[in-house]
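Reviewing the structure listed below.
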Amino acid sequence: GAGVSQSPSNKVTEKGKDVELRCDPISGHTALYWYRQRLGQGLEFLIYFQGNSAPDKSGLPSDRFSAERTGESVSTLTIQRTQQEDSAVYLCASNPGGSRLTDTQYFGPGTRLTVL
Amino acid sequence: GQQVMQIPQYQHVQEGEDFTTYCNSSTTLSNIQWYKQRPGGHPVFLIQLVKSGEVKKQKRLTFQFGEAKKNSSLHITATQTTDVGTYFCAGPRTGGFKTIFGAGTRLFVKA
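Protein chains in written order, with the numbering used here: chain A, 32 to 147; chain B, 19 to 129.
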């Protein structure tokens with residue numbers, strides 16, 4: 032497909048377990064973002080990757096959260112020792128990058144994480 | 019720090035009534051984007067405004083970018099039930115590439 036894909040679409044886990052969320056950006060998009068959206072709330076920025084530059088991790092809420100991206104392809108967001116407050120939809124977005132006038136973001140369908 | 023604020027937080031309208039949401043940035047923006055998120059869905063890009071004072075229309079939707087490039091509005095004429103959802107504005111962080119989203123305005127349309 033041509034869009035951003037994310038997996039799994041839903042994840043239910045027990046408190047204290049680790050989870051790994053995956054994002055496949057649109058091919059050729061150098062910029063990739065992760066956001067968290069709690070129920071009925073806005074988008075909370077987590078982390079941003081742009082090409083081979085150092086990622087902007089300023090939005091990660093704690094050291095339990097980490098993310099990696101291999102080149103300009105797949106990204107994984109890992110949450111260690113999950114807590115109930117981590118329950119949210121985790122959205123990934125990508126854009127072509129390389130131009131500050133092209134900030135349009137293309138969102139994936141999200142992963143709904145529920146921590147019991 | 020830099021903030022993007024939206025008002026109102028939510029609005030209930032009768033089908034056929036008009037609706038406007040306002041977006042205000044604490045800093046000048048190089049551009050502003052609007053997204054729509056349907057209930058249970060993900061944000062979908064609507065439009066990007068770049069020029070000071072720019073006005074763009076998409077059918078019943080009118081988008082404006084303020085002269086100072088610090089505020090924007092989205093106006094929907096004669097709302098329909100298909101307009102239901104949350105409308106987000108977003109702008110780039112000054113000096114960086116991170117996009118800052120407003121908290122969104124949730125629109126409810128009663129048939």
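The beta carbon of each residue, even a glycine, is placed where N, CA and C say it ideally should be.
With a threshold of 8 Å between beta carbons, H93/B makes no contact with chain A.
With at least 16 other beta carbons inside 10 angstroms of its own, L144/A counts as buried. The DSSP-derived three-state label of Q76/B is strand. Fully enclosed beta strand (DSSP E) runs of no fewer than 3 residues occupy 89-94, 103-110 of the region 81-111 of chain B, in order along the chain. Taking the beta carbon of K116/B as reference, the chain A residues within 7 Å of it are F76, Y79, D87, listed in sequence order. Rounded to the nearest whole angstrom, the C-alpha separation of Q37/A and G120/B is 23 Å.
Neighbourhood of L122/A in chain B, by CB distance below 9 Å: H60, P61, in chain order.
Contacts between F96/A and chain B, judged by CB atoms closer than 9 Å, are missing: the closest CB pair is about 16 Å apart.
For G120/B, at least one C-beta of chain A is nearer than 8 Å to its own C-beta. For F126/B, no CB of chain A lies under 8 Å from its own CB, so it is not counted at the interface with that chain. The C-beta of Q51/B comes closer than 8 Å to at least one C-beta of chain A.
Annotation: G82/A has no Cβ neighbours in chain B at a cutoff of 9 Å; minimum Cβ distance is about 10 Å. For the C-beta of Q136/A, the chain B residues within less than 7 Å are, from N- to C-terminus, F63, T117.
Taking 9 Å as the upper bound on Cβ-Cβ separation, chain B lies near residues A62, Y64, Y66 of the region 54-67 of chain A.
Between the beta-carbon of S106/A and that of E99/A there is about 7 Å, and that keeps the pair under the 8 Å contact cut.
Look at E103/A here: in three-state DSSP terms it is coil, with no helix or strand label. In summary, Q32/B is exposed, with fewer than 16 beta-carbon neighbours lying within 10 Å of its beta-carbon over all protein chains present. DSSP places E116/A in the helix class (H, G or I) of the three-state scheme. Taking a cut-off of 8 Å on C-beta distances, the region 90-97 of chain A does not touch the region 31-49 of chain B, as fewer than three cross pairs fall below it.
The region 74-88 of chain A and the region 40-53 of chain A do not touch, with fewer than 3 CB-CB distances between them shorter than 8 Å.
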